[in-house]
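Beneath this line is the structure, given in structure tokens, with notes to follow.
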Amino acid sequence: MERRIVYMDYNATTPLHPLVRDAMAADLGVFANASSMHEAGRAAKARVDAARAEVAKLAGVPNPDELVFTSGGSESNNTVFATMFHLGRKGGRRKIVTTAIEHPCVINAASWLRDEGFPVVFLPVDASGRVDMEAAEREIDGDTLLVSVMSANNEIGTVEDIPALCRMAKAKGALFHTDATQSAGKVPVEAAAWGVDYLTLSAHKIYGPKGVGALYVRKGAPIEPLIRGGHQEHGHRAGTYNNIGILGFGLAARLALEDLEGRAARIRVMRNRLRDGIVERVPDVRVNGHATEVLPNTLNVSFPGAEGEAILLYLDLEGVQVSTGSACASGSLEPSHVLLATGVGPELAHGSIRFSLGSLTTNEDIDYVLEVLPPIIKRLRRMSTVSVA
Amino acid sequence: MDAMQWLYSDIVLDHFKNPRNVFDPDEQFAYDAEGTVGNVKCGDQMMFMLRIGDDDVIRDVRWRTYGCASAIASTSMLSEVTKGLHIREAYNLKPEDIATRLGGLPDNKIHCSVLGDKALRAAIDAWLEKTGRAGLYRNEGATVICTCLNITDRDIETAVREGARNWEQLQERTKIGTVCGGCKVKGEALLHEYVHIFGEE
Ligand SMILES: Cc1ncc(COP(=O)(O)O)c(C=O)c1O
Ligand code: FES
Chain S
106 MERRIVYMDY NATTPLHPLV RDAMAADLGV FANASSMHEA GRAAKARVDA
156 ARAEVAKLAG VPNPDELVFT SGGSESNNTV FATMFHLGRK GGRRKIVTTA
206 IEHPCVINAA SWLRDEGFPV VFLPVDASGR VDMEAAEREI DGDTLLVSVM
256 SANNEIGTVE DIPALCRMAK AKGALFHTDA TQSAGKVPVE AAAWGVDYLT
306 LSAHKIYGPK GVGALYVRKG APIEPLIRGG HQEHGHRAGT YNNIGILGFG
356 LAARLALEDL EGRAARIRVM RNRLRDGIVE RVPDVRVNGH ATEVLPNTLN
406 VSFPGAEGEA ILLYLDLEGV QVSTGSACAS GSLEPSHVLL ATGVGPELAH
456 GSIRFSLGSL TTNEDIDYVL EVLPPIIKRL RRMSTVSVA
Chain Z
352 MDAMQWLYSD IVLDHFKNPR NVFDPDEQFA YDAEGTVGNV KCGDQMMFML
402 RIGDDDVIRD VRWRTYGCAS AIASTSMLSE VTKGLHIREA YNLKPEDIAT
452 RLGGLPDNKI HCSVLGDKAL RAAIDAWLEK TGRAGLYRNE GATVICTCLN
502 ITDRDIETAV REGARNWEQL QERTKIGTVC GGCKVKGEAL LHEYVHIFGE
552 E
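Top line first, the protein sequences correspond to chains S and Z. Just so you know, we're using my numbering here: the first sequence kicks off at 106 and counts up by one. Just so you know, we're using my numbering here: the second sequence kicks off at 352 and counts up by one.
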């Protein structure tokens, strides 16, 4: 019998869209260096620039020249923080304001600046994961060099009020960056309308290839290369063009915008059915994240009395693939920093599971998870030292 | 499932899927001694219940855990090994013995498996106390950490169980590291581990 596999880890990564895979496969023989002056090189460059135009649309910016291709979200985010390092060393503004729930690549880049002597503030969030606006108002001041807030969180899906936060930063003359890695392809991204200086995108979260991303840099915003070398990307990012990856990213970006609302609505209905079904069938659970300001595909639930890694692996045995905020799964002693920041407490954070849905999720998948999950929680709770009411 | 595709050995997988001697709330298991270690805040907690004969031989075992897959599997294996053992042999079981029987555990998971034998020892200590022999095996199989003062890992464990939570408090109770100081790194590492196991409060 064919073993049933239900992939519900789309926030970790997505499969290639079949059209993206076909387009990339068809181009595998295109080897010319997009920086070469000859005909083949110029043709390769034209394809890179066509992809750039698609990615610009995904970012919500009119001018494709404001996009720099990178190796992914981590590199884009690090490029922004490295730029701040160079700016801050020249004197003047140095303060960095970010949040307690950023992706580790932002948390660790900000911590690096703190170790280098920059004042760094990690803004608190409320119980739903939204940034504390009063704290933001207080901390964003005339010394602030950069404000960096993710547009949507990868673990709990909470969507932040980027336009309002960006206005706060602009009012104080600070630069503004948002990591839109998780928003793109799920909710509208509007870099120009929001008024941000920098915006991060990654291809593998939108059914494109791994190892490709982009950084939007508003014309006139300062930028220092993280990778120095040739003149590619106006000297902002050296390295021979990853033609085929960029081609795949461009097509994935175009497909991500096709009927964005319709696809989001379909996935939201299934996510809500999964959420309501779990709440109905499993006693004493806690749904983490914001009730309405949340990515349509993301559901994060804590199961008190059951440990997350054990839940994950029992689900895995049933073919259901999810992720957890438990410390045991990450190999550290600390559970998810995101859940802790929302104040859920370590016990609930250790017992959290993230279900993230995507384009291949079906109603049958939801039914299947609702069938196999409740007995797993029941079983773990029966063997648990923690009694659940 | 193919074991190669799995994180752990197939013995671990088997014990995870079908844990042996796990406590069943409906069963009304009568036991003579019980020991609990760990802390839910840290993501793992373990409880061992023992039924022991007058001859100090362990007749039956139950356990419960709030813990990950390797905590479940290693405690299941430990409970199998424990049955029929004299409490003294059970007291001296090493976590490495269990890991070996399980076909090995990933490095970062060894920690999860040591809770089981700590809970087992806590239960045996409770039994010894109940039968008027408190602390009988405490220093058996111990490793000397502080050579100047002959302080063992068991002494550190005991101090933490009695409330020491940092190096200063550990020194107050044991005087560890107060002569040459050469044992500080090792002592602190053990202290950290035991504080994690025996809880914050
Ligand atoms: C919010 C967020 N930012 C950044 C990244 C890193 O992106 P990449 O894997 O492309 O480096 C991820 C993905 O793990 C993410 O979820
Ligand atoms: S070894 Fe501990 S003080 Fe010398």
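C-beta atoms are modelled at their ideal positions from N, C-alpha and C, and glycine is treated no differently.
For Leu429/Z, the nearest candidate out of Val412/Z, Asp361/Z, Asp405/Z, Thr482/Z (CA to CA): Val412/Z
Sequence ranges, alpha helix (DSSP H) only - wholly within the region 273-350 of chain S, length at least 4: 296-299
So which residues touch the region around ligand 2, with touch meaning a C-beta under 5 Å from any heavy atom? Cys497/Z, Thr498/Z, Cys499/Z, Gly528/Z, Val530/Z, Cys531/Z, Gly533/Z, Cys534/Z
Inter-residue CB distance, Ala308/S and Phe354/S (contact presumed, cutoff 8 Å): 4 Å
Do you know offhand how far Asp231/S's Cα is from Lys291/S's? One C-alpha to the other measures close to 23 Å.
Rounded C-alpha distance that separates Ala540/Z from Cys534/Z: Here the alpha carbon of Ala540/Z sits roughly 10 Å from the alpha carbon of Cys534/Z.
Under a CB-based cut-off of 7 Å, is Ala494/S close to chain Z? Summary for Ala494/S: the model assigns pLDDT 46, below 50, so the residue's position carries little reliability, and this model does not support an answer.
Closer than 7 Å, CB to CB, is Glu414/S near chain Z or not? yes
Is Ile245/S helix, strand or coil by DSSP? If DSSP states are grouped into helix, strand and coil, Ile245/S belongs with coil.
Roughly how many whole angstroms lie between the Cα atoms of Phe223/S and Gly344/S? 30 Å
Check the Cβ of Val373/Z against every Cβ in chain S and list those closer than 7 Å, keeping chain order. Met488
Buried versus exposed call for Asn51/S [16 or more other C-beta atoms within 10 Å across all chains shown]: Any answer about residue 51/S is impossible in this case: the structure gives chain S only from 106 up to 494.
With a cut-off of 7 Å, does the C-beta of His455/S fall near any C-beta of chain Z? yes
Measure the alpha-carbon distance for Met352/Z versus Ser360/Z and round it to whole angstroms. The pLDDT assigned to Met352/Z is 39, lower than 50, so where the model puts this residue is not dependable, and the model offers no usable value.
If you reduce the DSSP assignment to three classes, tell me which class Glu414/S lands in. Under the three-state reduction of DSSP output, Glu414/S falls in the helix class.
Going along the region 522-550 of chain Z in order, which residues come within less than 8 Å of chain S, judged by CB to CB distance? His547
Indicate the three-state DSSP secondary structure (helix, strand or coil) for Leu228/S in the structure shown. strand
On the three-state DSSP scale, how would you describe Thr416/Z? strand
When we look at the beta-carbon of Phe136/S and count the other beta-carbons within 10 Å, is it buried (16 or more) or exposed? exposed
I'd like the list of long-range same chain contacts for Asp246/S, defined as Cβ closer than 8 Å, with 5 residues on each side in sequence excluded. Lys200, Lys277
Since Arg459/S and Asn183/S should fall inside the 8 Å C-beta cutoff, what is the C-beta to C-beta distance between them, to a whole number of angstroms? 24 Å between Cβ atoms; not a contact.
Which residue from Ile416/S, Ile482/S, Leu352/S, Ser181/S puts its Cα closest to that of Thr283/S? Ser181/S
Could you check if Gln356/Z is buried or exposed, using at least 16 other CB atoms within 10 Å of its CB as the buried criterion? Low confidence applies to Gln356/Z: its pLDDT is 49, below 50, so where it sits in the model is not reliable enough to give any reading.
When the cut-off is 7 Å and only beta carbons count, does Asp353/Z lie next to chain S? Since pLDDT at Asp353/Z reaches only 43, below the 50 mark, its modelled position is unreliable, and the value read off the structure follows with that caveat. Chain S contact via Cβ: absent.
Val211/S classed as buried or exposed, judged by whether at least 16 other C-beta atoms fall within 10 angstroms: buried
Straight-line Cα distance separating Val160/S from Leu453/S: 38 Å
Please confirm if the region 397-407 of chain Z is in contact with the region 377-389 of chain Z, defined as three or more CB-CB distances below 8 Å between the two stretches. Verdict: yes, contact present.
Please confirm whether Ile362/Z has its beta-carbon closer than 7 Å to some beta-carbon of chain S. No, Ile362/Z lies away from the interface with chain S (no Cβ there is under 7 Å from its Cβ).
DSSP state of Ser461/S, grouped into three classes? strand
Can you round the beta-carbon distance between Glu412/S and Gly467/Z to whole angstroms, since I take them to be within the 8 Å contact cut? Separation of the CB atoms of Glu412/S and Gly467/Z is rounded to 14 Å, and the pair is thereby denied contact status at 8 Å.
Could you name the residues of the same chain whose beta carbon sits closer than 8 Å to that of Val125/S, not counting the 5 residues immediately before and after it, in chain order? Tyr312, Gly313, Pro314, Gly353, Leu356, Ala357, Leu360
Grouping DSSP H, G and I as helix and E and B as strand, with all else coil, what is Val425/S? strand
Three CB pairs or more closer than 8 Å across the region 383-395 of chain S and the region 258-278 of chain S: yes
Quick one: is Thr529/Z buried, meaning 16 or more other Cβ sit within 10 Å of its Cβ, or exposed? exposed
What residue range is occupied by the uninterrupted alpha helix (DSSP H) comprising Ala485/Z? Neither: Ala485/Z is in no alpha helix (DSSP H) and is coded neither H nor E.
With 9 Å as the limit, tell me which residues of the region 416-428 of chain Z have their beta carbon closer than that to any beta carbon of chain S; keep them in chain order. With the criterion set as a beta carbon lying under 9 Å from some beta carbon of chain S, the members of the region 416-428 of chain Z are Thr416, Tyr417, Gly418, Cys419, Ala420, Ser421, Ala422, Ile423, in sequence order.
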